[in-house]
Amino acid sequence: MMAQTILVTGGTGYIGGEVIDQLLAKGHTVHTTVRNVAKGEPRLRGRWAEAGERLKVFQADLMDDAGWAEASAGCDAIAHVASPFPMEVPNDPQVLIKPAREGTLRALKFAHEAGVQRFVQTSSAAAIAYGHRGQENFDESDWTNLDADPPPYIQSKTIAERAARDWVAENAPGMVFCSVNPVGVFGPVYDADLSTSVELVQKVIDGSIPMAPNMGIGVVDVRDVAKIHVLALEAPAETVRNGRFAASAQFMWIMEMADMLRQRAPDLAKKTPTRRMPDFLVRILALFMPEMKQVKGELGNVRDVSGAHAEKTFGFTYIPAGQTIEDTARSLIEKGIVKF
Ligand code: NAP
246 MMAQTILVTG
256 GTGYIGGEVI
266 DQLLAKGHTV
276 HTTVRNVAKG
286 EPRLRGRWAE
296 AGERLKVFQA
306 DLMDDAGWAE
316 ASAGCDAIAH
326 VASPFPMEVP
336 NDPQVLIKPA
346 REGTLRALKF
356 AHEAGVQRFV
366 QTSSAAAIAY
376 GHRGQENFDE
386 SDWTNLDADP
396 PPYIQSKTIA
406 ERAARDWVAE
416 NAPGMVFCSV
426 NPVGVFGPVY
436 DADLSTSVEL
446 VQKVIDGSIP
456 MAPNMGIGVV
466 DVRDVAKIHV
476 LALEAPAETV
486 RNGRFAASAQ
496 FMWIMEMADM
506 LRQRAPDLAK
516 KTPTRRMPDF
526 LVRILALFMP
536 EMKQVKGELG
546 NVRDVSGAHA
556 EKTFGFTYIP
566 AGQTIEDTAR
576 SLIEKGIVKF
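Going by the numbering used here, the final residue of the sequence shown carries number 585, and the count climbs one at a time with no gaps.
So, in structure tokens, the structure goes:
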């Protein structure tokens with residue numbers, strides 16, 4: 246594989262950082278966007294000090310045209326990773342939908358104008374597995390049903406992926422487009438700026454969840470998610486054109502996560518919950534705790550998204566979910582983010 250120049254949007258993010266890491270390790274040159282270059286660039290230079298000229302940092306916001314032409318210039322391909330992924334649920338869904346959709350279309354438009362040949366969008370299982378009451382197993386053929394009025398983040402990812410596919414079909418049919426659709430992403434962290442997904446494991450190990458609600462989540466390792474992005478950027482065009490690659494190792498209940506940590510690494514599991522929180526308690530807490538409102542909506546739901554298509558297409562095996570959760574917990578403790 247010849248070295249390429251690749252733009253990774255959202256270089257300060259959890260997944261964006263891992264994608265950059267793997268691209269640099271494979272000899273590619275990386276352009277990346279950050280919202281605030283004065284704050285973001287020193288952090289990225291600190292992480293990849295040896296990259297020198299092979300890493301270029303640009304200031305660009307999803308909601309503003311400034312910086313996108315410069316960031317895209319000279320790139321062979323783009324991994325568009327940046328999108329808002331907050332813990333809080335905004336009252337107005339547009340707070341998430343607008344940057345997700347408009348940011349994706351902005352990245353696409355400037356990429357196309359710069360002659361970029363390939364666009365890999367970081368979408369989500371959020372665009373696959375919601376709004377289908379009673380369905381438990383999902384794959385790339387499924388689309389979240391927006392008529393069911395899912396939470397704002399779910400809407401933002403579904404709308405952004407649909408908009409990207411429509412835009413490419415209409416404006417740039419020659420561009421090689423595909424999406425990567427991860428379930429919950431976990432694994433080693435670089436610093437204390439945690440992605441919302443990792444905050445879940447933080448809560449499981451730091452004692453802030455005394456009992457485990459009857460809720461589950463798909464688990465995939467950030468190293469595998471980045472690997473799928475990199476392989477999608479490098480694979481022959483016909484392998485990935487218009488592709489959709491769910492990234493998922495296993496669906497797991499929170500209680501299973503806690504039990505597994507206790508078995509695999511008791512030193513990391515001193516404060517993990519040992520009992521299940523009764524559903525009625527979740528419902529009562531949801532009356533005055535916003536985060537419990539989200540949990541209430543997920544009680545008992547199985548959303549088992551198969552990651553087999555990506556595994557088969559790119560020829561790799563997912564890191565087992567137990568290893569991923571252990572590595573997440575270990576790195577949170579080693580970095581001093583969780584203290585016992
Ligand atoms: P993250 O660490 O919060 O990263 C989000 C990135 O998006 C950050 O670099 C952030 O920049 C950037 N961003 C947000 N709003 C922006 C704006 N208006 N303009 C420019 N940049 C903006 O989260 P992550 O877990 O790495 O998520 C990255 C992508 O993966 C997102 O598209 C998310 O939807 C998707 N995803 C994540 C998971 C998961 O479980 N983590 C699962 C499925 C899909 P700042 O650093 O400046 O805030």
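Backbone N, C-alpha and C define an ideal beta-carbon position, used for all residues, glycine too.
For clarity, every value in this text was computed on a predicted model and none was experimentally measured.
Beta-carbon gap between residue i and residue j smaller than 8 Å
| i | j | result |
| --- | --- | --- |
| Asp-549 | Glu-358 | no |
| Leu-476 | Phe-559 | yes |
| Arg-528 | Lys-541 | yes |
| Gly-379 | Asn-390 | no |
| Leu-513 | Ile-450 | yes |
| Gly-545 | Asn-459 | yes |
| Met-420 | Phe-364 | yes |
| Ile-570 | Leu-506 | yes |
| Gln-539 | Pro-418 | no |
| Ile-454 | Ala-555 | no |
| Thr-250 | Ala-327 | no |
| Pro-523 | Val-334 | no |
| Gly-432 | Asp-572 | yes |
| Thr-257 | Gly-291 | no |
| Phe-496 | Gly-552 | no |
| Ser-493 | Ala-370 | yes |
| Glu-615 | Ser-368 | Only positions 246 to 585 of the chain appear in the structure, and residue 615 is not among them; the question remains open. |
| Ala-409 | Gln-362 | no |
| Arg-575 | Ala-510 | yes |
Residue i, DSSP secondary structure in three states
| i | result |
| --- | --- |
| Phe-559 | helix |
| Leu-476 | helix |
| Arg-395 | Reading off the sequence, residue 395 comes out as Pro, not Arg. Reduced to three states, the DSSP call for Pro-395 is coil. |
| Thr-278 | strand |
| Ser-442 | helix |
| Met-497 | strand |
| Asp-384 | coil |
| Asn-459 | coil |
| Pro-287 | helix |
| Ser-401 | helix |
| Arg-407 | helix |
| Pro-518 | coil |
| Arg-489 | strand |
| Pro-418 | coil |
| Val-428 | coil |
| Asp-451 | coil |
| Val-583 | coil |
Check: residue i C-beta below 7 Å from any heavy atom of ligand 1
| i | result |
| --- | --- |
| Ala-294 | no |
| Val-279 | yes |
| Asp-306 | yes |
| Gly-376 | no |
| Lys-580 | no |
| Val-430 | yes |
| Lys-402 | yes |
| Ser-440 | yes |
| Ser-493 | no |
| Ala-327 | yes |
| Thr-367 | yes |
| Gly-379 | no |
| Tyr-435 | no |
| Ile-323 | no |
| Ile-260 | yes |
| Phe-561 | no |
| Gly-255 | yes |
| Ala-417 | no |
| Phe-330 | yes |
| Gly-348 | yes |
| Pro-396 | no |
| Ala-370 | yes |
| Pro-287 | no |
| Pro-535 | no |
Quiz item: Mind pulling the alpha helix (DSSP H) runs of 4 or more residues that sit fully within the region 301-367?
Solution: 313-317 and 339-358, all fully within the region 301-367.
Practice problem: Give a yes or no on contact between the region 465-476 and the region 551-569, applying the rule of three or more CB pairs nearer than 8 Å. | Solution: Proximity of the region 465-476 to the region 551-569 meets the contact definition, three or more beta-carbon pairs being nearer than 8 Å.
Practice problem: Would you check if there are 3 or more beta carbon pairs closer than 8 Å linking the region 422-435 to the region 274-281? | Solution: Cβ pair count under 8 Å is below three, so no.
Quiz item: Between the region 371-385 and the region 340-349, do at least 3 Cβ pairs fall closer than 8 Å?
Solution: With a cut-off of 8 Å, the region 340-349 and the region 371-385 do not count as touching, because too few Cβ pairs lie within range.
Quiz prompt | Cβ contact check for the region 314-329 and the region 354-373: 3 or more pairs under 8 Å | solution = Yes, the region 314-329 is in contact with the region 354-373.
Quiz item: Enumerated in chain order, which unbroken segments of the alpha helix (DSSP H) with a length of 4 residues or greater are wholly contained in the region 522-580?
Solution: For the region 522-580, whole alpha helix (DSSP H) runs of length 4 or above, ordered along the chain, are 524-530, 535-543, 553-559 and 566-579.
Exercise. Pair every Cβ in the region 569-585 with every Cβ in the region 430-449, then say whether three or more of these pairs are closer than 8 Å.
Key: The region 569-585, when compared against the region 430-449, does touch it at the 8 Å Cβ threshold.
Quiz item: Does the pairing of the region 327-340 with the region 291-301 give three or more beta-carbon distances under 8 Å?
Solution: No, they do not touch.
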